[in-house]
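Asker: Line order of the protein sequences matches chains A and B. Mapping the first sequence onto the numbering used here, position 209 (from 1) lands on 468, and the numbers just tick up by one. Mapping the second sequence onto the numbering used here, position 143 (from 1) lands on 402, and the numbers just tick up by one. Input: one structure, supplied below.
Protein chains: 2
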Amino acid sequence: MSATSYSSKVDVKARERALKVLHEKFYVVLKDILEGRPPKLVIKKRTLSNTIYEPERKLLLLGESVFERSLLDLREAKKFMQTLLMASIIYEALSNSEYPTIRDLYYRGKHTIRYRKLPSKNVGEENTWDEQSESDSVLRDIEVFTNVLREEMLILSKEKGKVVGDLKIRSGDDIIDLSKMGHGAYSIEPTPDLIDFIEVNAEFVLVVEKDAVFQQLHRAGFWRSYRAVLITSAGQPDRATRRFVRRLSEELKLPVYVISDSDPYGFYIYSVFKTGSITLSYESERLATPSARFLGVMMTDIFGSNKLNKKPYLTEEERRNFIIRAKERDIKRARELKEYPWFKSERWRIELDEFLERRVKLEIEALAGKGLKFLADKYIPDKIGIGDWIE
Amino acid sequence: MSATSYSSKVDVKARERALKVLHEKFYVVLKDILEGRPPKLVIKKRTLSNTIYEPERKLLLLGESVFERSLLDLREAKKFMQTLLMASIIYEALSNSEYPTIRDLYYRGKHTIRYRKLPSKNVGEENTWDEQSESDSVLRDIEVFTNVLREEMLILSKEKGKVVGDLKIRSGDDIIDLSKMGHGAYSIEPTPDLIDFIEVNAEFVLVVEKDAVFQQLHRAGFWRSYRAVLITSAGQPDRATRRFVRRLSEELKLPVYVISDSDPYGFYIYSVFKTGSITLSYESERLATPSARFLGVMMTDIFGSNKLNKKPYLTEEERRNFIIRAKERDIKRARELKEYPWFKSERWRIELDEFLERRVKLEIEALAGKGLKFLADKYIPDKIGIGDWIE
Numbered sequence: 260m261s262a263t264s265y266s267s268k269v270d271v272k273a274r275e276r277a278l279k280v281l282h283e284k285f286y287v288v289l290k291d292i293l294e295g296r297p298p299k300l301v302i303k304k305r306t307l308s309n310t311i312y313e314p315e316r317k318l319l320l321l322g323e324s325v326f327e328r329s330l331l332d333l334r335e336a337k338k339f340m341q342t343l344l345m346a347s348i349i350y351e352a353l354s355n356s357e358y359p360t361i362r363d364l365y366y367r368g369k370h371t372i373r374y375r376k377l378p379s380k381n382v383g384e385e386n387t388w389d390e391q392s393e394s395d396s397v398l399r400d401i402e403v404f405t406n407v408l409r410e411e412m413l414i415l416s417k418e419k420g421k422v423v424g425d426l427k428i429r430s431g432d433d434i435i436d437l438s439k440m441g442h443g444a445y446s447i448e449p450t451p452d453l454i455d456f457i458e459v460n461a462e463f464v465l466v467v468e469k470d471a472v473f474q475q476l477h478r479a480g481f482w483r484s485y486r487a488v489l490i491t492s493a494g495q496p497d498r499a500t501r502r503f504v505r506r507l508s509e510e511l512k513l514p515v516y517v518i519s520d521s522d523p524y525g526f527y528i529y530s531v532f533k534t535g536s537i538t539l540s541y542e543s544e545r546l547a548t549p550s551a552r553f554l555g556v557m558m559t560d561i562f563g564s565n566k567l568n569k570k571p572y573l574t575e576e577e578r579r580n581f582i583i584r585a586k587e588r589d590i591k592r593a594r595e596l597k598e599y600p601w602f603k604s605e606r607w608r609i610e611l612d613e614f615l616e617r618r619v620k621l622e623i624e625a626l627a628g629k630g631l632k633f634l635a636d637k638y639i640p641d642k643i644g645i646g647d648w649i650e
Numbered sequence: 260m261s262a263t264s265y266s267s268k269v270d271v272k273a274r275e276r277a278l279k280v281l282h283e284k285f286y287v288v289l290k291d292i293l294e295g296r297p298p299k300l301v302i303k304k305r306t307l308s309n310t311i312y313e314p315e316r317k318l319l320l321l322g323e324s325v326f327e328r329s330l331l332d333l334r335e336a337k338k339f340m341q342t343l344l345m346a347s348i349i350y351e352a353l354s355n356s357e358y359p360t361i362r363d364l365y366y367r368g369k370h371t372i373r374y375r376k377l378p379s380k381n382v383g384e385e386n387t388w389d390e391q392s393e394s395d396s397v398l399r400d401i402e403v404f405t406n407v408l409r410e411e412m413l414i415l416s417k418e419k420g421k422v423v424g425d426l427k428i429r430s431g432d433d434i435i436d437l438s439k440m441g442h443g444a445y446s447i448e449p450t451p452d453l454i455d456f457i458e459v460n461a462e463f464v465l466v467v468e469k470d471a472v473f474q475q476l477h478r479a480g481f482w483r484s485y486r487a488v489l490i491t492s493a494g495q496p497d498r499a500t501r502r503f504v505r506r507l508s509e510e511l512k513l514p515v516y517v518i519s520d521s522d523p524y525g526f527y528i529y530s531v532f533k534t535g536s537i538t539l540s541y542e543s544e545r546l547a548t549p550s551a552r553f554l555g556v557m558m559t560d561i562f563g564s565n566k567l568n569k570k571p572y573l574t575e576e577e578r579r580n581f582i583i584r585a586k587e588r589d590i591k592r593a594r595e596l597k598e599y600p601w602f603k604s605e606r607w608r609i610e611l612d613e614f615l616e617r618r619v620k621l622e623i624e625a626l627a628g629k630g631l632k633f634l635a636d637k638y639i640p641d642k643i644g645i646g647d648w649i650e
């Protein structure tokens, strides 16, 4: 057995890039010290009030408000030190060809500092951080400060997203044909910016919220028949899946359709793909896909709509068997969605009002229950064909 | 756009097999009726009292107790009908080349039966089933009754397991080289019995509980340096991951090592791979890997052990920074484990007593926090080298 020393060529380059940016960005601290100024970092605020929805770009973005983090301010000294500690851990991991996760960055930095209290000279103790939420927050500050996403610093994470389709990619040192995955699928890497698209033979991207439905569509050859790139986020999408979808949209100019459960949580999952998430708005610029379309399941797919002159896809009996009564938290969530600027279109109002009036929801699985052929050969292609989606 | 009509050759054969068995097994019902007997099904009980640990085979198995489900017994008529309903839905799905999930089987069967109450002739209503737990339970009865796992009936499910390594497999109509996955991984199909192993160049299987740690080891080329098949269950293992691991052990004769967090939940995850799960003991015979070895993280890896003449892998300072205080539920879980026959070895007693005495736990990520090279190039190969595992 020999030592682990493998790094793909792609990773070697990525490390060099990240090391260079980190060095440049944090050089300001050294410069402050060398030139006799109290060192400080100026970082964009990640607060809700500095999170702005830009209707033209259809994105949730950080505004221009900044805060200063100064070593010589008692209230900020700890945060300042935490930030430099985290930056140095990342720098070291990059130099040593490591691949830390956000969890082990927390462990790498966690220790107790002993100090002498003045004037008593008693010994005090202070932990660098106690909870991962603290180290995660510092890491986000570094992402904002350097404008480098953690994935570009080769910080890994668990990864749920999968893809199949007539698409060849280069990842690491390999070329992978995503149409040759058998009954399995390709599990997207945590650093999708390092993927190259080699050859594409597809007309659109279909993102399915639920892994089990993805499995069914894949197995029935949906992506083959309809020339689709088929993706699942397996629930709330992680960053890598979002970035992968964005790149398919931006670089390959493929239209992106999202299918989720018909309930406020499903609608929100779509909006995370399209607009970004509220807590991580600084990533939207890279991770969101503003052109993503909500294909369904819509409330108006279930009940039809006079306003839209639309017939329902379900019979009354199917509705009786398939729909689930909404819970109080679903209702609350729908009311919250109605207040988000990116849900304030006329089209979304119809869906949300229908939900609030009927107070029922529907899972994608119910459509597969009506028949996989119905889902794969009627519902999805019909809706794409007649343009029944929400922009 | 054309109709979805794809099925791999493997699936076509699997369908035929499952249709045949279902037909044969349920023919007894028809025969009873034709020959004038009240129709009934005789099925092994899936109760705790009929779940037996066999120490020789190291497996949790169903015992020999059976129950009869008879149409003409009022207490059983509903369950009898549910069982036939589920069997007919599965039969129909197989005939129509569908790929249902357990969730959509629930939807497919869910409806309301109206009947006339005698002697009043009022109309009564009865749902086939209300909750998925009911339809799932009926499906399990069918698995036990037919001795065919749901995967063999092409019932799909969401799937978390991933694999990389120097191993070629055939899945569906494709041959897939699991050493050419780039930075991504191969996501195991929900029906791993349909996989063929084509070419193997590996000395052992390493199963890592946590996806993020799998990503790190993969990225650092662990499987390449140490000739391993690297697998993650991404938490509690699902059936497909367990079956895949079992097949690697049984058919390729590869030793299987499992790494999990050092706490009772991690220990239990290992035991699910090795022995089976209590609630699904009827599957153990096919899904469990009795030869699987627990490599770590052990309590005695953290603290060392005089009894075992073993030095700790962590320094006192690392312990201070890495270990987490156990919660009340961890303690309770450890006491439960001590009562399970398959944890009643001397070696497990040492680990569980150490846990109950120290009342602390440790995540795998803490070892990666000490350094990925430590985890990949020292901890794992050292322990395998000197045989420091629990059988």
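For every residue, glycine included, the Cβ atom is placed at its ideal position computed from N, Cα and C.
Please list the residues of the stretch 396-417 of chain B that have a C-beta atom closer than 9 Å to any C-beta atom in chain A, keeping them in chain order.
Answerer: Leu413, Leu415, Ser416 and Lys417
Asker: Using beta-carbon positions only, say whether Ala471 of chain B and Glu624 of chain B come within less than 9 Å of one another.
Answerer: Contact check for Ala471 of chain B against Glu624 of chain B passes: the beta carbons are separated by less than 9 Å.
Asker: May I have the straight-line CA-CA distance separating Val556 of chain A from Ala487 of chain A, to the nearest angstrom?
Answerer: 19 Å
Asker: What residues in the stretch 445-460 of chain A have a beta carbon less than 7 Å from any beta carbon of chain B?
Answerer: Tyr445, Ser446, Ile447, Glu448, Pro449, Thr450 and Leu453
Asker: With respect to the beta strand (DSSP E) encompassing Gly555 of chain B, which residues constitute its N-terminal and C-terminal limits?
Answerer: Arg552 to Gly555
Asker: Please check the pair Phe526 of chain A and Leu596 of chain A, which I expect to be a contact at CB under 8 Å, by giving their CB distance rounded to whole angstroms.
Answerer: Cβ-Cβ separation between Phe526 of chain A and Leu596 of chain A: approximately 6 Å, consistent with a contact (criterion under 8 Å).
Asker: Interface residues of chain B around Lys369 of chain A at Cβ under 7 Å?
Answerer: Asn580
Asker: Return helix, strand or coil for Ile649 of chain B, following the three-state DSSP convention.
Answerer: strand
Asker: Between the alpha carbons of Lys453 of chain B and Val280 of chain A, how many angstroms are there, rounded?
Answerer: Here residue 453 of chain B turns out to be Leu, not Lys, going by the sequence shown. Going from the Cα of Leu453 of chain B to the Cα of Val280 of chain A covers about 48 Å.
Asker: Got a sec, what are the start and stop residues for the alpha helix (DSSP H) Thr405 of chain B sits in?
Answerer: Gln391 to Thr405
Asker: Go through the stretch 528-568 of chain A residue by residue and report every complete run of the beta strand (DSSP E) that reaches 3 residues or more, in order.
Answerer: 552-555
Asker: Span of the beta strand (DSSP E) holding Lys299 of chain A?
Answerer: Lys299 to Lys303
Asker: Quick check on Arg608 of chain A: does DSSP put it in helix, strand or coil?
Answerer: helix
Asker: Can you name, in chain order, every residue of its own chain whose Cβ lies under 8 Å from the Cβ of Tyr638 of chain B, other than the five neighbours on each side?
Answerer: Gly555, Asp560, Tyr572 and Leu626
Asker: So His442 of chain B and Ser430 of chain A are supposed to be a Cβ contact under 8 Å. How far apart are they, rounded?
Answerer: Between Ser430 of chain A and His442 of chain B the Cβ distance is about 5 Å, and since that is below 8 Å, they are a contact.
Asker: Between Pro359 of chain B and chain A, is the shortest Cβ-Cβ distance under 9 Å, so that the two count as touching?
Answerer: yes
Asker: Ser261 of chain A by DSSP, collapsed to three states: which one?
Answerer: With a pLDDT of 46 at Ser261 of chain A, under the threshold of 50, the modelled position of that residue is not reliable, and no figure is offered here.
Asker: Look at the alpha carbon of Ile479 of chain B and the alpha carbon of Leu278 of chain A, and state the distance between them as a whole number of angstroms.
Answerer: First, the residue type needs correcting, since residue 479 of chain B is Ala and not Ile in the sequence shown. Straight-line Cα distance between these residues: approximately 18 Å.
Asker: Counting only runs of 3+ residues fully inside the stretch 337-390 of chain B, write out the beta strand (DSSP E) ranges in chain order.
Answerer: 371-375 and 382-386
Asker: Which residue comes first and which comes last in the beta strand (DSSP E) that contains Ile414 of chain A?
Answerer: Here Ile414 of chain A belongs to no beta strand (DSSP E), and DSSP marks it neither H nor E.
Asker: Indicate the three-state DSSP secondary structure (helix, strand or coil) for Ser484 of chain B in the structure shown.
Answerer: helix
Asker: For Met340 of chain A, return the contacting residues in chain B, with the cut-off set at a CB-CB distance below 9 Å.
Answerer: Within chain B, no residue comes near Met340 of chain A; the closest Cβ sits about 17 Å away, beyond 9 Å.
Asker: Got a sec? Which residues, its chain only, sit under 7 Å from Ser394 of chain A by beta carbon, not counting five neighbours each side?
Answerer: Met345, Leu364, Tyr365, Gly368 and Trp388
Asker: Closer than 8 Å by beta-carbon distance: list the chain A residues that pair up with Gln495 of chain B, in chain order.
Answerer: Near Gln495 of chain B there are no residues of chain A at all, since even the closest Cβ is about 14 Å away, more than 8 Å.
Asker: Tell me, please, whether the stretch 532-552 of chain B touches the stretch 317-327 of chain B by the rule of three or more beta-carbon pairs shorter than 8 Å.
Answerer: A contact exists between the stretch 532-552 of chain B and the stretch 317-327 of chain B.
Asker: Using CA coordinates, which residue listed in A:Asn355, A:Val467, A:Phe581 and A:Asp641 is at the minimum distance from Gln495 of chain A?
Answerer: A:Val467
Asker: Grab me the residues of Ser379 of chain B's own chain with a C-beta within less than 8 Å of its C-beta, minus the 5 sequence neighbours each way, in chain order.
Answerer: none
Asker: Given Glu294 of chain B, which residues of its chain have a CB within under 7 Å of its CB, disregarding the five upstream and five downstream residues?
Answerer: none
Asker: Classify Arg584 of chain A: buried if its beta carbon has 16 or more other beta carbons within 10 angstroms, exposed otherwise.
Answerer: exposed
Asker: Going by DSSP, what residues sit across from Thr202 of chain B in a beta bridge?
Answerer: Because chain B is modelled from 260 through 650, residue 202 of chain B falls outside the range shown and cannot be assessed.
Asker: Here's a check: name, in chain order, each residue in its chain whose Cβ is nearer than 6 Å to the Cβ of Ser446 of chain A, leaving out the five neighbours to either side.
Answerer: For Ser446 of chain A, where only same-chain residues beyond five positions count, the Cβ hits under 6 Å are Lys421.
Asker: At the 9 Å Cβ level, is Ser484 of chain B part of the contact set with chain A, yes or no?
Answerer: Ser484 of chain B counts as touching chain A.
Asker: Trp252 of chain B to Glu509 of chain B, Cα distance in whole Å?
Answerer: Outside the displayed range of chain B (260 to 650) lies residue 252 of chain B, so it cannot be described from this structure.
Asker: Quick one, which of B:Pro523, B:Met440 and B:Asn406 has its alpha-carbon nearest Gln474 of chain B's?
Answerer: B:Met440
Asker: Examine chain B for any beta-carbon lying closer than 9 Å to the beta-carbon of Tyr265 of chain A, and answer yes or no.
Answerer: It does; some Cβ of chain B falls within 9 Å.
Asker: Against chain A, does Glu613 of chain B count as a neighbour if the rule is that its beta carbon must be under 9 Å from one of theirs?
Answerer: no
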